[in-house]
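Scroll down for the structure; my scribbles are underneath it.
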Amino acid sequence: MKVPFVDLNAQYNRYKSEIDRAIFGTIEEASFIGGAAVSTFETAFSAYTKAEHTVACANGTDSMEMVLQALGIGQGHEVIVPALSWVSTAEVVVSCGATPVFVDIDHSFTIDPTKIEERISDRTRAIIPVHLYGCPSDMGAIKAIADKHNLLIIEDCAQSHGAKFNGTPVSQFGVAGSFSFYPGKNLGAYGDAGAVVTNNTDLAKQVRMMANHGQPRKHEHVIAGRNSRLDGMQAAILNAKLPHLNTWTEERQSNASYYNEKLQDLPITLPLCPAGREHVYHLYVIQSEKRDALMKHLANQNIGVAIHYPVPMPLMPCFSHLGYKKGDFPVTEYACDTILSLPMYPELSKEQIDFVADEISAFYA
Ligand SMILES: *Cc1c(COP(=O)(O)O)cnc(C)c1O
């Protein structure tokens, strides 16, 4: 049996007629940049996240960077980010001229709120919690700290479409939420795509202008912006897919429960999501002391596995000028040495999960 890490074709085959109609409709209407499909998606995604505004843009990195810029975060400012994430989270802080300040994670793989306050200085302007793998960060504790120190919260929701903290959707705890629709994300386009979600009308206006060359109206460039518009075709595909997102989330959650059941007696650590946080399992990540050997064993059995991510952000060469060293982020460093992402997508079958679990058991036998 072959178990790919993700299977985007399985999803395409499942919804082929709807997706083909979206793609060919865009071509027939020649609605390639912006247009009705983009506005339709923005309205639908606002309803989905319970936000007042969605501004669609080119990708999830731009969405975060534009929010920081629009909020006036730049030179001389510091932004707190978790030590474990996809590089974008810290990269955007550097891109806007500010300095990322890293904080270790806890056992949920999200930022450890008990380690945030010691890293706050008079230059700190914002915190970017990342709902990594689909598990919401501890937004109650983070919001209390942000309120006490007058800091902005920008949520990195790139892996957490539909996740909730105490019943409230992620993206609703700070000034803005940033989403990615990279093809492999829980809601994925057929290319790059992203969005800013916010209840702040001025911020929405500012980001919309910024994403379209700083023009509120054609040929009126009031700020030096950029081109970060969403393609009409990507929006049409997202419109076809969004109505199915809740079904896919349930399928991911049920796959995760089945993995939990099958793997519970093995000497590995299963993903833990504290009570009150609804995990949407973008990734199903276990921890093993014998990670590298286990990974090799599974790969040899045609099981797709991956590491998200092998290097703590503060120890990446691109952030070496900040002077962090090995030992500064013990929980993140241990995670990077032990984490393993198993195959996870809505269409994954019970038989495939059985096969993965049996092979993990065989490895430990
Ligand atoms: C994917 C991702 C991003 C960036 O999104 P792109 O659309 O690829 O630019 C940012 N943060 C996290 C945590 C991600 O997983």
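Offset between the sequence shown (1-based) and my numbering: plus 94.
Each residue gets a CB set at the ideal place from its N, CA and C atoms; glycine is no exception.
If you're wondering where the values come from, they're calculated on a predicted model, not measured in any experiment.
In or out: residue i buried (at least 16 other Cβ within 10 Å) or exposed?
i: M95; result: exposed
i: C412; result: exposed
i: P194; result: buried
i: K335; result: buried
i: K390; result: exposed
i: N260; result: exposed
i: Y142; result: buried
i: A164; result: buried
i: Y284; result: buried
i: G191; result: exposed
i: E146; result: exposed
Quick check: the Cα distance between residue i and residue j, rounded to an integer number of angstroms?
i: P404; j: Q253; result: 17 Å
i: R213; j: I174; result: 8 Å
i: R385; j: R302; result: 44 Å
i: S179; j: L436; result: 17 Å
i: R219; j: S272; result: 17 Å
i: P440; j: Y352; result: 13 Å
i: A130; j: I331; result: 13 Å
i: R488; j: I248; result: The structure shown does not extend to residue 488, since the chain is modelled only from 95 to 459, so the question has no answer here.
i: V316; j: P230; result: 37 Å
i: S215; j: D101; result: 45 Å
i: N153; j: S274; result: 6 Å
i: W342; j: N280; result: 8 Å
i: A298; j: I454; result: 47 Å
i: D232; j: I205; result: 8 Å
For residue i, does the three-state DSSP call read helix, strand or coil?
i: V186; result: helix
i: D241; result: helix
i: L436; result: strand
i: E75; result: Nothing can be reported for residue 75, as the shown portion of the chain is limited to 95 through 459.
i: I362; result: coil
i: N321; result: strand
i: Y378; result: strand
i: F449; result: helix
i: H173; result: Note on residue identity: the sequence assigns Val, not His, to residue 173. Of the three classes helix, strand and coil, the one that applies to V173 here is strand, per DSSP.
i: A150; result: strand
i: D431; result: helix
Any heavy atom of ligand 3 closer than 6 Å to the Cβ of residue i?
i: K96; result: The model on display carries ligand 1 but not ligand 3.
Any heavy atom of ligand 1 nearer than 6 Å to the CB - residues listed: Checking every Cβ against the heavy atoms of ligand 1 under 6 Å gives N153, G154, T155, S179, W180, S182, T183, V224, D250, A252, Q253, S274, Y276, D286 and G288.
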